[in-house]
Amino acid sequence: MKKPIYCLIVLCLFSGACFAYSFGQNKVNYAPQEFSTIQTMHFDIYFPAGEEQFGQTAALMAEDIYYYVKGEFKVPILTRIPIVFYSTKTEFLSTNITYYLLTEGIGGFTESLHNRVVVPFEGSYAALEELLAHELTHAYINAMDNRYVNPNTMLRPTSFPFWFSEGLPEYLSVGGEDDYNNMYLLDMVINNSIGKLSRTDGYLAYRMGESFLTFIAEQWGREKVSEYFFAIHTAYNIDEATKKVFGMDFDNLESRWLFQLKRDYYPLINNHSIPMEKFEQRTEHKKDGSYFNLAPRFSPDGERYVYYSNAGGRYSIWLAGTQGLAEPQMVFRGEKSSQAEEFYYLRSALSWFPDNQRIAFAAKTATGDKIQILNVNSKKIVQTISIPELQAIYEADVAPDGGSLILAAQKNMQADLYLYDLQTEELTQLTDDSYEDAHPRFSPDGIHIVYDSERKTEQRENNYGLFANLKRDIFTLNLETGEVVERTFENYDCFNPLWAENGKKILFLSYKYNLANYEVLDLETGQRAELTNCLAGIMNGDISLDDNYLVMSNYFDGAWDIYFDDNPLDNLVYTESNPPQISERENNLFQEIDLNRLNYYSKRTKAQRPGRNQFAQQNIRRPHLSNMEMNNSDTLKYVPDFSWDDKPDSISAIPQIKEYKTKFALDSIWGGLAYSSYAGTVGALDLSLSDLMGNYGIGISLGISGKIEDSNLFLSLLNLKHRADYGIGVYNFYDETLYRYYEASDYHYLRLRERELGMLLIYRYPFSRFWRMEFDSQLYYVKQKWDYLPPENVENENWIMNVQEDTDTVIAPGIAFVHDNALYGSTGPMIGWRLYYLMRKSFAKNELNYYTNYLDLRSYNYFEKRYSLACRLCAGISTGESPQLFQLDGLYGVRALNEDIDGEKMILGSAELRFPFFDYINLAFPVPLELRNIRGSVFADIGTAWDKNSEFRGVIDGKLNDIKFGYGFGPRINLGYFVLKLDIAWLTDLSHISKPMYYLSLTEDF
């Protein structure tokens, strides 16, 4: 669902009842984003305005990837694919193209409704190219499914399994060549934790799917992967497709792949150690439920170190003693306030000031990336540094004297190094080129900086693309002279450097043996030594100033943990290495890229586009077998000529860069129309439109029933481009309600005909990701007409019209404050708290006056791994001539109630223990059924609703009267698109327990 349309639905709910509200965290567009566009042969490219070179490079990159992917599938696409590039990850996460709240773990996405590809630029062109190849594979497959003639969709009874749908883009973008990706496979194999593909989800499904398809390509050739794709596309199940392509069932093929992984990775055990053999393990992810334990950093006195961890659910900063005598303690909880709404998980660094009390780190906030300075003793943020000219700040390192910071940051589509003076607040750019510079560290004397930079090397084997020849090496920069020296010259990545022996040596990570381990470079002799040699891969670390201790983050057994070592530099064996070279720091990244090639990829004219009749017949089974003649007796063997989509070799027109202009496209339409001699024209129409960026939405809902005044009409407009969201709607609602009552031994009937004509406004302002203010106001005119049908007129339905008529004009403004920093489990929130507080006042010409206050407060306490205690308090009061009523029953009330109870005043409390119920159930009879991660809940609800205080009777004779108390339990499971929940509840007045009430619902836990 589109975000604008989602917001329109919320808008409608606000107009209908003051208690139809929603929580949810905010996307904060702290600055409007402007775009330019360029149209190529297959794509509509949208990129940040003013970045023409980037736009042209991205367009050429996209077209090259298109022909690379087409080389695998052999089938062209007929629809154009929009690609939207954002200049930073922060801007990408606030996109309106999808209404989902995106997090740091989302690299990019392909939206299926209009097949839009959306990706951020994070400083590295090589990473951008891999990400774009992944997402364009998704878009390419979507476009093949949406051709004019689409037999694939008509004949495909099943969809791709998740491991295949994500593994295929990974295979085409990386192809098993990425050492970091392969680390996850290595770890699963050596720890015997690799499972069945069909039972794998999440990130590991990407890695396993990529590895499985790489295995197929290596064993049978790359063409078998595409053949397998089309076989799965048309087969009834994965077994049928596997037998058709490989002549064996899927289990057999999967077993061969698993045995090959063992052949590949088991030899590594002979010459690599597991981390616990060589180092002391300081964090234990299996005990605290963490996944990330990253970026450890020693204090200058070597007594303590800090690191990032998501133990307890949130990515936070922890403090531990070097000797490991006490339990680590959290000194700053992240992802819960505006001070640090999120971090760059795998890039964020920590750095100490020389006072051994304060640390500096970069954090994302609603108004851009900030440098936060934290006192670890008081656990308080003591200073916040904002640098508006930088679009993203990834890392910060404090100078030895504490007077300045070295920053790895992004500005104008470049990731460079900057020096920030803490006293003068002056920012100095140290590097200035299109290569990504990262992981800077001050030398102990504060004169040099060591960092890694993504630079050119020889084209890597089996890699494609404009930037496939980029890899990381280690550099040093002299702050006094500006001299840059290249220290490593390898065909594998060297990264994350740090100083040792008072600046005489550099430690850095390298993929020398395809595993990330530390090497040591002696700057005086130029020799190198291997420092660590462990499984499965190190992300980052630190060495104490006296060189006595090494602390690092290593991936093993399914998570990142902190490991510790004494005297790490002892007994090293040094060998000769390449001598250092002074780097000229040339900005030549684009030197070998001929942007003039983009002129070959101009948008096709109508005359150049293929006609629909060309695709009336297609080989849907093996469309990549392209050199076959037509066989009239078997039209499935006919393959059309796709030469019209060959790579162009001449220039027909030059693609032009233009300003992005808002254009609306249809998102959805539904309806029908009929004519009746009795009622006239009747019908319904619902449609929604939005622009490509999702900034503007239009909703139209028409329920036509004869006359216009007797119809339901609604038109709404929404603007989401700026930080504040606002919308307007106009409507005409008509409804008839029939009442029957018994009097004088007969039935009498009343009919209420009600028409409401009005306008509504909504305004929402996010203060941060977690806090927002909502204002809405409804102005409407209501007319109520009562008709009467006496008993003697029932047979001929002769109504007495307009026995009473009431009218009123009402304006009802309301303001609400919403807080939500909850983190979800599979069936509902597990950590954090939520608040909704509403004040609404109506001003009516006649009687529809009311003043309402409503509060909903919820807390979620994660007290044990996978266990949480959820509590809720709701209270409301409404006064005036026509007070609003609060319901006490229902799924979010007292769940055991079997009667409708409402009142002008209400208070409700709930407590719920959420816990793992069944981790895995596999049934063989009566039907094969596999269920995983079934959660359970034990709950209690207590509440009451009443009108007059004088008539309230909470307890009578020791029994609950107006106070209602219920309790119960039930299982729930996330089925992907919804949560299936069963609650069994009992009501008690403390002396009697009712029969159980059963609630089966498709709603998440409160």
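Just so we're aligned, residue 56 is where the sequence shown starts under the working numbering, counting upward by one.
Beta carbons: idealized from backbone N, C-alpha and C, even for Gly.
Sheet register partners of residue i (DSSP bridge)
| i | result |
| --- | --- |
| Phe270 | Bridge partners of Phe270: none, in fact. |
| Thr92 | Tyr101, Lys713 |
| Gly998 | Leu963, Lys1019 |
| His503 | Asn533 |
| Gln427 | Phe416, Thr439 |
| Phe1024 | Val993, Ile1039 |
| Ser698 | In DSSP, Ser698 forms no bridge with anything. |
| Gln839 | Glu809, Asp861 |
| Tyr362 | Trp373 |
| Val539 | Leu532, Ser638 |
Which of helix, strand or coil DSSP assigns to residue i
| i | result |
| --- | --- |
| Leu316 | helix |
| Trp854 | coil |
| Asp875 | strand |
| Ser756 | strand |
| Met1052 | strand |
| Met748 | coil |
| His327 | coil |
| Pro969 | Residue identity differs from the one stated: residue 969 is Arg in this sequence, not Pro. Three-state result, Arg969: strand. |
| Glu390 | coil |
| Arg402 | coil |
| Arg337 | coil |
| Pro383 | coil |
| His494 | strand |
| Arg652 | helix |
| Val982 | coil |
| Leu525 | strand |
| Met607 | strand |
| Met199 | helix |
| Asn848 | helix |
| Asn988 | strand |
| Leu740 | strand |
Residue i: CB within 8 Å of a non-hydrogen atom of the ligand MG
| i | result |
| --- | --- |
| Pro409 | As for the ligand MG, it is missing from this structure, which has no ligand bound. |
Rounded C-alpha distance that separates residue i from residue j
| i | j | result |
| --- | --- | --- |
| Asn151 | Tyr141 | 12 Å |
| His679 | Asn876 | Because His679 sits at a pLDDT of 41, beneath the cut-off of 50, its placement in the model cannot be relied upon, and the following sentence gives the value as read from the coordinates. Rounded to the nearest angstrom, the two C-alpha atoms are 50 Å apart. |
| Asn432 | Gly344 | 26 Å |
| Asn524 | Ser441 | 36 Å |
| Leu570 | Met594 | 10 Å |
| Ile817 | Lys419 | 28 Å |
| Leu227 | Ala182 | 14 Å |
| Lys251 | Met303 | 17 Å |
| Leu1037 | Ala260 | 30 Å |
| Lys317 | Glu574 | 27 Å |
| Val437 | Asn430 | 7 Å |
| Asn686 | Asp696 | For Asn686, the predicted structure reports a pLDDT of 43, less than 50, and the residue's modelled location is therefore unreliable. A value from the coordinates is still provided. Near 15 Å, if we compare the C-alpha coordinates of Asp696 and Asn686. |
| Asn634 | Arg542 | Note that residue 634 corresponds to Pro in the displayed sequence, not to Asn. If you take the alpha carbons of Pro634 and Arg542, they lie about 7 Å apart. |
| Asp487 | Phe563 | 23 Å |
| Tyr804 | Asp765 | 21 Å |
| Ala534 | Leu890 | According to the sequence as given, residue 534 is Leu; it is not Ala. So the two alpha carbons sit approximately 50 Å from each other. |
| Tyr1054 | Leu1035 | 11 Å |
| Asp476 | Leu644 | 30 Å |
Distance CB(residue i)-CB(residue j) smaller than 9 Å
| i | j | result |
| --- | --- | --- |
| Gln394 | Asp616 | no |
| Asn622 | Asn603 | yes |
| Leu241 | Ala708 | no |
| Ala966 | Leu924 | yes |
| Leu768 | Gly754 | no |
| Ala614 | Tyr370 | no |
| Glu860 | Asn904 | no |
| Ala198 | Arg171 | no |
| Tyr449 | Glu159 | no |
query: At what residue ranges does the segment 763-820 contain a whole run of the beta strand (DSSP E), taking only runs of 3 or more?
result: 780-798
message: In chain order, what are the residue ranges of uninterrupted beta strand (DSSP E) at least 3 long that sit wholly in the segment 432-492?
response: 435-441, 447-453, 459-466, 469-476, 482-484
- request: At 4 residues or longer, and completely inside the segment 96-182: list those alpha helix (DSSP H) runs for me, N to C.
  value: 107-128, 144-148
task: Quick one: which unbroken alpha helix (DSSP H) runs of 4-plus residues sit fully inside the segment 232-259? Chain order, please.
output: 234-245
- request: Would you mind listing the beta strand (DSSP E) stretches within the segment 865-949 that are 3+ residues and don't spill past its ends, in chain order?
  value: 884-896, 906-919, 922-934
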